[in-house]
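K.L.:
Provided herewith is a single structure, encoded as structure tokens, for subsequent inquiry.
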Amino acid sequence: MAECEVAVLDLGARQARAALPRLNQMLARHGFEAEPLAWREERVRGRHEDWRFRSVFQPVYRLQDGEPKLWSVEALARVSDRFGGQLIPTVLFAAETTPRRTVYVDRQLRCLHLLNFLLQSPPPGLVLSLNVNAQHLVNVSEAHGQFFAEALQLLGVEPRHVCLEIVEDAVSDPVRLHGAVQRYRDLGFLISLDDFGQGASNLERVWLLEPDYVKLDKVLMRRALMRPALRDKLAELVAILKLHGAKVVGEGIESEMQLDIARAAGCDFVQGFHLARPTDSLSWPIS
């Protein structure tokens, strides 16, 4: 690796360390608690009331010339209570009944993931994907993206290197969701629609949000594996999504056969345990 690239990587880690106190101030200004982010075992950990947060990352590979090449990493939250019991993040958001609390938790998790990503000096150009609760985007009353853009500027990260994954939940105001997503797009962020094929996801949501990427829910891959007759249907779905300008990610790749199915269906990217499991370090091969 060239000396200039090493300097850039070290700069990212230094900026992350220096930015932690300021990010805590920003979160406290918009939330409930002082200093919700803290160092622990060479990583940043988060807390909110009785909940404790940490980051893990899973790679997303581009199917370039038929072979997977590292393109991005998805940050995932691991949530536990004060006794160490594990909690699914979606349950956490369901428990946050007020708009203000939902916004606060979402912002804290994004800051947590950004810091832990930069602390590991990621290679230049690697995209960080962050899950965003759709209801959070509807709940924000101020200018959408203002807080997050300020955090990125503080950390020296360009929005074009961040992909916001809109979690596929039913929302109270789809028009307001569209406006929020458009605001993020105008700021330069990439937009992905997550878990397509379950819950509230449908082509109407694709038409409304016009995402750069659509992530097929792992259920679709499992069904295509179990029922070969559905594989042509999967390819047709991928083709339709591409006609609407989206690149397609096959999630839940758990075997070589599923990887072959995703490749044959025309998926642009793949992600799953067969390729790499989530881990707290960025330690996967480029291909």
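In case it helps, my numbering puts the sequence shown at residues 107 to 393.
Virtual Cβ for every residue (Gly too), placed ideally from N, Cα, C.
Fair warning: this is a prediction, and the values are worked out from it, not measured in the lab.
1. Please report the distance separating the alpha-carbon of D301 from that of F375.
2. Counting pairs of Cβ atoms below 8 Å between the segment 206 to 218 and the segment 366 to 383, do you hit three or more?
3. Flag this pair as yes or no: are the beta carbons of I359 and M327 separated by less than 8 Å?
4. Around the C-beta of V281, are 16 or more other C-beta atoms found within 10 angstroms, so that it is buried, or is it exposed?
5. Express the C-alpha separation of Q377 and P334 in angstroms, rounding to a whole number.
6. How far does the alpha helix (DSSP H) with R168 in it reach, from first residue to last?
7. Looking at the structure shown, is C373 part of a helix, part of a strand, or coil, going by DSSP?
8. Express the C-alpha separation of L234 and L296 in angstroms, rounding to a whole number.
9. Count the CB pairs spanning the segment 345 to 358 and the segment 121 to 133 that are closer than 8 Å, and state whether there are at least three.
10. How about L322 and G303: are their beta carbons less than 8 Å apart?
11. Looking at the secondary structure, which residues open and close the alpha helix (DSSP H) in which L343 lies?
12. Using a Cβ-based criterion (distance less than 7 Å to any ligand heavy atom), does L331 qualify as near the ligand GDP?
13. Kindly identify the DSSP beta-bridge partner or partners of R119.
14. I want to know whether the segment 379 to 390 touches the segment 163 to 172 - three or more CB-CB distances under 8 Å.
15. Going by the DSSP bridge assignment, what does F302 pair with across the sheet?
16. What did DSSP end up calling L293 once you bin it into helix, strand or coil?
17. So L299 and V312 are supposed to be a Cβ contact under 8 Å. How far apart are they, rounded?
18. By the 10 Å Cβ neighbour count, where 16 or more other Cβ atoms means buried, how is E357 classified, buried or exposed?
P.N.:
Result, derived from the coordinates:
1. Cα to Cα, the separation comes out at about 14 Å.
2. no
3. yes
4. exposed
5. 21 Å
6. Counting along the chain, R168 falls outside any alpha helix (DSSP H), though it belongs to the beta strand (DSSP E) covering 157 to 170.
7. coil
8. 10 Å
9. The answer is no - the segment 121 to 133 does not touch the segment 345 to 358, with fewer than three Cβ pairs under 8 Å.
10. yes
11. 337 to 349
12. Although the ligand GDP was asked about, the structure shown includes no ligands whatsoever.
13. Position check: residue 119 holds Ala in this sequence, whereas Arg was assumed. In DSSP, A119 forms no bridge with anything.
14. yes
15. Per DSSP, the beta-bridge partners of F302 are L322.
16. coil
17. 6 Å
18. buried
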